[in-house]
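Numbering (this note's numbering), first residue to last: 1139 to 1338.
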């Protein structure tokens, strides 16, 4: 049986597309946007809110400005969304081999002792700028750089907040691939081949 494959990715590195094609090649389920749909059902929050907050947080988790006295009785919407995402991720992994993108899935499944292939997709800034411009249309390079740095910072903070570990550190992953130098097809091939070898 193939392992569950988690894909962590720098913004603009193509991790979503690579994960989607890996799932298609191995004929296993792919979870990214589908997690949003399931979490919406689990939590009752709007999809737009889950998409916006599903991988971002402030370091202090300041959804609402609440006093320390009331905090013990209050669970923030973002914490509720994280717990709902965790439940969906565990259910998906327990159902069988699949590809799951982001949302601390590597940490969640490692803690649950579910066999995984944890992959990090990264790339240099120029390749990421090019990919984002191709996908989203014309924006100035300055704006794209700001967007990349902001998105990566948000993911780093979110991961740190919920896992107490550092996002993007090689020791959290079995495989780290540079999609800029290797190319998308090579990344897909390497992940699939490793998954097939683990299946043996």
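Just so you know, even glycine gets a beta-carbon here, dropped at the ideal spot from N, CA and C.
Asked, Found
"Buried or exposed (CB count within 10 angstroms, at least 16 for buried), residue 1171", "exposed"
"C-beta contact flag for residue 1312 and residue 1256 at 8 Å", "yes"
"For residue 1151, the three-state DSSP class (helix, strand or coil)", "coil"
"Cα-Cα separation, residue 1096 to residue 1241", "Nothing can be reported for residue 1096, as the shown portion of the chain is limited to 1139 through 1338."
"For residue 1145: DSSP bridge partner residues", "1239, 1257"
"Inter-residue Cα distance where the pair is residue 1139 and residue 1165", "12 Å"
"Straight-line Cα distance separating residue 1160 from residue 1244", "17 Å"
"Same chain only: Cβ atoms within 8 Å of residue 1362, ignoring 5 sequence neighbours per side", "Absent from the structure is residue 1362, since the part of the chain shown begins at 1139 and ends at 1338."
"In DSSP terms, what residue 1313 is bridged to", "1257"
"Cα-Cα separation between residue 1355 and residue 1143, rounded to whole angstroms", "Outside the shown range of the chain, which is 1139 to 1338, sits residue 1355, and nothing can be said about it."
"Residue 1169, DSSP secondary structure in three states", "strand"
"Proximity of residue 1219 and residue 1188 at Cβ, strictly below 8 Å", "yes"
"DSSP state of residue 1347 mapped onto helix, strand, coil", "Residue 1347 lies beyond the range of the chain shown here (1139 to 1338); nothing can be said about it."
"Inter-residue CB distance, residue 1351 and residue 1157 (contact presumed, cutoff 8 Å)", "Outside the modelled stretch of the chain, which goes from 1139 to 1338, sits residue 1351, for which no answer is possible."
"Whole-angstrom C-beta distance between residue 1314 and residue 1258, which should lie under 8 Å", "4 Å"
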